[in-house]
Structures are given as structure tokens and as C-alpha cells.
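Heads up, the final residue of the sequence shown is numbered 305 in this note's numbering, and it's a clean run with no missing numbers. Glycine included, every Cβ here is placed at the ideal spot set by N, Cα and C.
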Amino acid sequence: MSARPFFLMTDPDHFEVCYQINPWMQPRAWKQDPKACLAEARSASADLKQALKDCGAQVETIGAVRDLPDLVFPANAAIVLDGRVLLARFRCPERQGEEAIFRSVFSRLKKRGIVQDIIDLPEGLFQEGAGDCIWDLGRQLFWAGYGPRSSRGALAIIQGVFGQEVVPLQLATDRYYHLDTCFCPLSGGEVLYYPPAFTEAGLAAIHARVAPHHRVEATDEEAQAFCVNAVNLGHKVVMARAPASLKAKLRAHGYDLVEIDLSPFMLSGGAAYCMTLRLDRTSVPSAATLAAE
Ligand code: ARG
Numbered sequence: 013m014s015a016r017p018f019f020l021m022t023d024p025d026h027f028e029v030c031y032q033i034n035p036w037m038q039p040r041a042w043k044q045d046p047k048a049c050l051a052e053a054r055s056a057s058a059d060l061k062q063a064l065k066d067c068g069a070q071v072e073t074i075g076a077v078r079d080l081p082d083l084v085f086p087a088n089a090a091i092v093l094d095g096r097v098l099l100a101r102f103r104c105p106e107r108q109g110e111e112a113i114f115r116s117v118f119s120r121l122k123k124r125g126i127v128q129d130i131i132d133l134p135e136g137l138f139q140e141g142a143g144d145c146i147w148d149l150g151r152q153l154f155w156a157g158y159g160p161r162s163s164r165g166a167l168a169i170i171q172g173v174f175g176q177e178v179v180p181l182q183l184a185t186d187r188y189y190h191l192d193t194c195f196c197p198l199s200g201g202e203v204l205y206y207p208p209a210f211t212e213a214g215l216a217a218i219h220a221r222v223a224p225h226h227r228v229e230a231t232d233e234e235a236q237a238f239c240v241n242a243v244n245l246g247h248k249v250v251m252a253r254a255p256a257s258l259k260a261k262l263r264a265h266g267y268d269l270v271e272i273d274l275s276p277f278m279l280s281g282g283a284a285y286c287m288t289l290r291l292d293r294t295s296v297p298s299a300a301t302l303a304a305e
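Okay, structure coming up:
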């Protein structure tokens with residue numbers, strides 16, 4: 013695979029907000045004007061794709077599937093590291109139909125040599141992919157959220173499959189139901205995170221591994237704007253429209269924000285990070301990967 017960051021995204025053609033499985037989802041707002049909402053979603057998704065490409069990434073787009081509106085959030089499809097794919101299992105019946113679709117997407121990627129192994133979780137466990145399990149390249153570990161969606165028991169499996177340390181982070185509230193809504197490691201070693209989303213033990217685990225000068229705390233306003241759900245590539249951070257306070261904070265750490273109006277997807281409780289899945293992550297970075305990071 014080339015050294016360019018490689019992302020999966022999903023065509024938004026069948027995206028809608030027609031059920032509610034997290035507190036942000038607003039089916040009634042969508043219903044007021046589904047056509048306009050879909051048109052906005054299409055252009056928001058195109059803008060995100062373009063922004064990633066402008067940052068030097070390659071983006072592969074998978075097809076939309078009718079009646080699986082949340083397929084637009086491929087971060088939840090799997091955990092991918094070193095060409096190994098641990099397929100997700102969704103807690104909510106509304107999303108379980110996505111599993112077969114993502115499985116066939118990964119089989120096709122395997123045939124093309126883009127991934128090597130596809131692994132299933134044991135029965136009885138839930139794990140919602142990279143949305144709840146984020147690789148921290150600098151620290152060489154996975155940060156893994158659990159509680160609202162993913163099972164605590166999945167963490168030992170992740171550790172076994174990838175042979176990497178997994179730091180458990182219990183999520184304290186349904187509002188921040190996936191780790192990627194409240195936690196984002198950055199390339200310089202900083203972590204952008206929203207403290208109230210974590211239990212005391214979770215916060216202690218973060219503080220034990222992230223030095224104070226690397227902690228970038230998001231405010232209520234910044235977290236609610238879905239700005240922690242960001243894609244970081246080198247000194248660029250691609251995210252939903254951000255409050256000025258966050259721009260200033262990240263700029264002080266040397267990052268440039270690339271903002272996109274992702275409001276149609278925020279009506280479903282998601283934004284930039286969860287609309288993507290990175291496929292080229294390796295535990296040991298090559299010189300080329302480091303240059304691109
Ligand atoms: N409506 C989707 C759900 O509740 C949004 C998922 C967003 N994904 C994420 N990784 N935060 O599952």
C-alpha cells in the first residue's frame with residue numbers, strides 16, 4: 013500500500029435519520045424536509061472527502077444500502093491495524109444489518125491485498141469498531157471505550173488479536189456513547205478529550221498516560237459541536253464547524269483546523285471521524301508513514 017493515508021467512506025445516498033439510538037438523533041428534524049436534508053448530506057460528505065484528499069489522503073467510497081442509513085459511519089465497521097481487521101458487532105438491531113455489508117467490503121479489500129486477515133469477535137460480545145477503539149501511534153496502544161455500545165469483554169479480544177496494549181476507558185454517559193465523540197489523540201502527542209464523558213477510572217487512565225501539557229480539554233460547547241470527532245493528519249485536524257475557542261486552543265499547539273459543515277450527520281450523532289475508517293494504520297510506523305503523519 014502507498015504511504016498515503018487511506019480512508020474508507022460511504023456514499024450518503026441512503027442516509028437519513030429515521031430512528032433514534034443515541035440522544036443526538038433527530039428523526040423529526042430530518043422528516044421536516046428529507047429532500048433538502050439529503051442534498052445537504054451529499055454535499056457535506058463530498059466536502060469531507062475533498063478535505064481529506066487535500067490533506068494528501070486517498071479515499072475509497074463504498075456504496076450506499078437502502079434501509080441502512082448509518083452505513084455512512086464506517087468508523088464503526090471494524091478495528092484495523094497492521095492489515096488485520098476485527099469486524100464489529102453492533103449492539104443496536106437497527107445497525108446489525110451493516111455487519112454483512114462491511115464483511116463483504118473487507119473481503120473485497122482482502123482480495124486486492126489492502127487488508128490481510130478478517131477476524132470475528134466471539135459470540136455474545138459487542139464492539140463498534142474504531143469508533144470505540146482508537147490507535148495511538150505515539151504511545152503504541154489502543155484506547156478502548158466501553159459501556160453504552162461496546163462490551164468490556166471485547167477489550168481482551170482486541171488485545172489478543174492485535175497483540176497491543178488496550179487501555180479501557182469506561183464511558184460515563186449515553187450522550188458520548190462512542191469513544192470517538194469525546195477522545196482524539198493528535199500527532200504531536202496531545203489528546204483532545206472531553207473530561208465529563210469519562211468515569212473517574214477512565215480519567216485516571218488518561219491522566220496516567222497523557223502528560224498535563226499534552227491534555228487539550230474540550231468544553232461542553234466544543235464537544236456538543238462534535239469537534240472532538242475529528243480526523244488528524246499531521247498538523248491538520250479535519251472536523252465539523254468549530255467554536256473560536258477550540259480553533260485558538262489547537263492553533264496554540266500548532267494545528268490547523270479544516271472545518272466542514274457536517275450538520276446533516278450531526279442530526280444522527282456523528283461527524284468527521286466516524287464518517288471515515290482508516291485502513292492503513294500500522295503499529296510500527298515506516299519512515300514514509302511518519303513523513304505523512
Ligand atoms: N447514528 C449512529 C449511531 O448511533 C451514529 C454513529 C456515529 N459513529 C461514531 N463512531 N460516533 O450508531
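Quiz item: Mind checking PRO276: buried by the 16 CB within 10 Å criterion, or exposed?
Solution: On the sequence shown, residue 276 is found 264 positions in, with the first residue counted as 1. Buried, since its Cβ has 16 or more Cβ neighbours within 10 Å.
Practice problem: Just list the beta strand (DSSP E) runs in the region 134 to 175, keeping only unbroken ones of 3 residues or longer that don't cross its boundaries, in chain order. | Solution: 145 to 148, 153 to 158
Quiz item: Where do the N-terminal and C-terminal ends of the alpha helix (DSSP H) with VAL117 fall, by residue?
Solution: Mapped onto the sequence shown, residue 117 falls at position 105. From DSSP, the alpha helix (DSSP H) with VAL117 extends over 110 to 123.
Self-check item: Residues that DSSP places opposite ASP273 in a beta bridge
Solution: Along the sequence shown, one-based indexing puts residue 273 at 261. None, per the DSSP bridge assignment.
Quiz item: From ILE113 to SER119, what does the alpha carbon distance come to, in whole angstroms?
Solution: Taking the first residue of the sequence shown as 1, we reach residue 113 at position 101. Taking the first residue of the sequence shown as 1, we reach residue 119 at position 107. Approximately 10 Å, taken between the alpha carbons.
Exercise. Return the CA-CA distance between GLY143 and ARG221, expressed in angstroms with no decimal places.
Key: As a working mapping, residue 143 is identified with position 131 in the sequence shown. As a working mapping, residue 221 is identified with position 209 in the sequence shown. Looking at the two C-alpha atoms, the distance is approximately 20 Å.
Quiz item: How about ASN88: is its Cβ closer than 6 Å to a heavy atom in ligand 1?
Solution: By one-based count along the sequence shown, residue 88 stands at place 76. True, at least one ligand heavy atom lies under 6 Å from that Cβ.
Quiz item: Comparing alpha-carbon positions, which option in VAL97, ILE33, THR22 lies nearest ALA76?
Solution: Mapped onto the sequence shown, residue 76 falls at position 64. The alpha carbon of ALA76 has as its nearest neighbour, out of VAL97, ILE33, THR22, the alpha carbon of THR22.
Quiz item: Can you tell which of THR193, ARG290, GLU229, LEU274 has the C-alpha that lies nearest to the C-alpha of HIS265?
Solution: Locating residue 265 in the sequence shown gives position 253, counting from the first residue. Answer by Cα proximity: GLU229.
Practice problem: Go ahead and label ASP292 buried or exposed: buried means 16 or more other beta carbons lie within 10 angstroms of its beta carbon, across all protein chains shown. | Solution: Counting from one through the sequence shown, the residue named residue 292 turns up at place 280. Flag for ASP292 reads buried.
Self-check item: Extent of the continuous alpha helix (DSSP H) to which CYS49 belongs
Solution: Numbered from 1 along the sequence shown, position 37 holds the residue referred to as residue 49. Its alpha helix (DSSP H) spans residues 46 to 66.
Quiz item: Quick one: what does DSSP say VAL77 is sitting in, helix, strand or coil?
Solution: The count along the sequence shown starts at 1 and reaches residue 77 at position 65. It is coil, neither helix nor strand.
Quiz item: Taking C-beta to C-beta, are ASN241 and ASP192 nearer than 7 Å?
Solution: What you label residue 241 is simply residue 229 of the sequence shown in a count that begins at 1. What you label residue 192 is simply residue 180 of the sequence shown in a count that begins at 1. In this structure, ASP192 lies closer than 7 Å to ASN241 by Cβ.
Quiz item: Leaving out five residues before and five after ILE131 in sequence, what residues of the same chain have Cβ atoms less than 6 Å from its Cβ?
Solution: In the sequence shown, the residue the question calls residue 131 occupies position 119. Closer than 6 Å at the Cβ level, and outside the excluded window around ILE131, lie LEU98, VAL173.
Practice problem: Examine ligand 1 and report whether any of its heavy atoms sits within less than 6 Å of the Cβ of CYS49. | Solution: Working through the sequence shown from its first residue, we reach residue 49 at position 37. CYS49 Cβ: outside cutoff for every heavy atom of ligand 1.
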